[in-house]
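S.K.: Numbered per this note's numbering, the sequence shown finishes at 1191, counting up by one with no gaps.
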Amino acid sequence: MSKSAPIHGQWSSPMVFVLASIGSAVGLGNLWKFPYLAGENGGGAFVLIYLLCIAVVGIPIMVSEVLIGRRGRLSPINSLALLAKQAGGSRLWRLVGGSGIAAGLIILSFYSVMGGWALAYVVRTASGLFSGVTAKGALSIFNYLVTDPERLLAWHTLFMLVTTLVVARGVRSGLEQAVRVLVPALFILLLVVVSYNLNSGYFMQSLHFLFFPDFQDITAGGVLQAMGHAFFTLSLGVGAMMVYGSYLPSGASIPRLVLAVTLVDTLIAMLAGLAIFPLVFANGLEPTSGPGLIFTTLPIAFGHLPGGAYVGTLFFLLLVLVALTSAISLMEPMVAWLVESLKLPRSRSAALSGFLVWLLGLVSLMSFSRWAFEFQFAGQLKHDGWFDILDILTSAIMLPAGGLAVVIFVGWVMPKQSLIEELGGRAGITFRIWYVTIRYLTPAAVSAVFLYMMGVI
Ligand code: TRP
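(1) Buried or exposed for residue 825, please, with buried defined as at least 16 other CB atoms from any protein chain shown within 10 angstroms of its CB.
(2) Using a threshold of 7 angstroms, is the CB atom of residue 967 nearer than that to any non-hydrogen atom of the ligand TRP?
(3) Taking only the alpha-carbon atoms, compute the straight-line gap between residue 769 and residue 1027 and give it to the nearest angstrom.
(4) Enumerate, from N- to C-terminal direction, the unbroken alpha helix (DSSP H) stretches of 4 or more residues contained entirely within the stretch 938 to 969.
(5) Strictly under 8 angstroms for the Cβ-Cβ distance: is residue 1016 near chain D by that measure?
(6) Look up residue 820 in the DSSP assignment and say whether it is helix, strand or coil.
(7) Evaluate residue 878 with the Cβ neighbour count: other Cβ atoms within 10 Å of its Cβ, from every protein chain shown; 16 or more gives buried, anything less gives exposed.
(8) What number of angstroms, rounded off, separates the C-alpha of residue 1090 from the C-alpha of residue 1080?
(9) Assign residue 1177 to buried or exposed, taking buried as 16 or more other Cβ atoms, counted over all protein chains shown, within 10 Å of its Cβ.
(10) Do three or more CB pairs link the stretch 1005 to 1021 to the stretch 808 to 819 at distances below 8 angstroms?
(11) Is residue 764 near the ligand TRP - that is, is its Cβ less than 7 angstroms away from at least one heavy atom of it?
(12) With distances taken from CA atoms, which of 846, 754, 1139 and 935 is nearest residue 1054?
(13) If we count the other Cβ atoms within 10 Å of its Cβ and call it buried at 16 or more, is residue 897 buried or exposed?
(14) Do residue 1119 and residue 1111 have their beta-carbon atoms positioned less than 8 angstroms apart in this structure?
(15) Applying the criterion that 16 or more other CB atoms from any shown protein chain within 10 Å of the CB defines a buried residue, is residue 761 buried or exposed?
(16) Among 777, 1137, 1187 and 1141, which has the Cα closest to the Cα of residue 945?
(17) Measure the C-alpha to C-alpha separation of residue 1146 and residue 808 and round it to an integer number of angstroms.
(18) Measuring straight from C-alpha to C-alpha, what distance separates residue 801 and residue 828?
(19) From residue 1185 to residue 1153, what distance separates their C-alpha atoms?
(20) Have a look at 996, 918 and 962 and flag the residue whose alpha-carbon is nearest the alpha-carbon of residue 752.
(21) Is the beta carbon of residue 748 closer than 8 angstroms to that of residue 974?
(22) Count Cβ pairs between the stretch 998 to 1007 and the stretch 1091 to 1102 that sit closer than 8 angstroms; are there 3 or more?
(23) What residues are listed by DSSP as bridge partners for residue 1116?
(24) Thinking C-beta only, is residue 1008 closer than 8 angstroms to residue 931?
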């Protein structure tokens, strides 16, 4: 087991690691992105492929990432470099860490814009704007917001400022307590909306939509996005889980911790689906309406529930906060690397990264108004120009490619004995299943999806 302690500090217990990782995993991906991707891709078939990818690709890769982090005890780039050197592998493995950092910054650039939407909705719900709102009204309130770059700029700036400040102070202060409260509260609010939906008469239709796969609905692009979303929602492929793993005390059982994180993340996403789709069908909305889906559906429920303004305000506030606990994990790999390799102080590293991300965010910010354009992607029409391009480039391409490199590194470059050591000292049945999976099944699955997308198979 690795004896060294990381220079950036350590979680005070394995439980803190689980909470921080849940904080990273649960976010806009579960509540905002999963529902609209499922809607755009026809529901059931997409959800099934997504769940399969969580099991066959996501869990094994998360174990691998945490393992690399804890064994290397450094930022992703330097952990990969160190472990590659120990195993006599190529120096080029560090590039996997570098491309992960880049992907993390790009993702954060649009993540912050959507975090800004959520912030704006806290104010809009609190002011009672949605009381008694119709589907049409909710839609026009949303369009009014996203086509106004000045307003979006203010919210995006605020979101990035807070993210940068939290990262500058160090990830650990307060994160644990925050997640302990946030995730259960979110769970309860989602249950409130789901139970409101139970009587709407559209609940069964939604179950059918989400859980009965019809493979005619799905395109090559849909398969790729389902896999990409498994990476996105579990925070894989950018090194975030490696960094969090590098702060994990020796001795904690990695597979068990990873399963807990995955379970909570998946549960929240499924609940989000059941909160949103009954509203879509009950109000005659389009499941394919894209990134605005959550912002045009949930306010209808909040506008009609007794006390809905309170429930709604609290909901969007929680959405902002869980987005924040994810955003810090997107920035952490870059900051940890700057501190380690360029010897910059933590605050300067955070400020530099935050500014870069803020600037790049302007591209996504404009994608819903002046820079909007449509394009065709693997059988799908995308409407939001550069935002969609950056999203596909990262979630569907860079994250799976990064994950593929990680399992090849762990499965074929690192010595088996060091993996056994890191995973508890015995090559028991769990270890053997995981080892075969990362050596053969995971690489085959990721490659197959890539080849299918390129039209080769
Ligand atoms: N998983 C987060 C969500 O679902 C987003 C996120 C945080 C992320 N860190 C990441 C995505 C690292 C990819 C890689 O909202």
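The beta-carbon is built from N, C-alpha and C at its ideal position, and this holds for glycine as well.
Computed from a predicted structure; not experimentally measured.
M.R.: Put simply:
(1) exposed
(2) At least one heavy atom of the ligand TRP is nearer than 7 angstroms to the Cβ of residue 967, so yes.
(3) 7 angstroms
(4) 954 to 967
(5) Protein chain content of the structure displayed is limited to a single chain, and chain D is not contained in it.
(6) helix
(7) exposed
(8) 16 angstroms
(9) By the beta-carbon neighbour count (other beta carbons within 10 angstroms, threshold 16), residue 1177 is buried.
(10) With a cut-off of 8 angstroms, the stretch 808 to 819 and the stretch 1005 to 1021 do not count as touching, because too few Cβ pairs lie within range.
(11) Judged by the Cβ position, residue 764 qualifies as a neighbour of the ligand TRP at the 7 angstroms threshold, a heavy atom of the ligand being closer than this.
(12) 846
(13) Buried: at least 16 other Cβ atoms inside 10 Å.
(14) no
(15) Residue environment analysis places residue 761 among the buried positions, since at least 16 neighbouring C-beta atoms fall within 10 angstroms of its C-beta.
(16) Residue 777 holds the alpha-carbon nearest to the alpha-carbon of residue 945 among 777, 1137, 1187 and 1141.
(17) Residue 1146 and residue 808 have their C-alpha atoms spaced approximately 21 angstroms apart.
(18) 16 angstroms
(19) Linking residue 1185 to residue 1153 through their CA atoms gives a straight-line distance of about 30 angstroms.
(20) 996
(21) no
(22) no
(23) 1109
(24) yes
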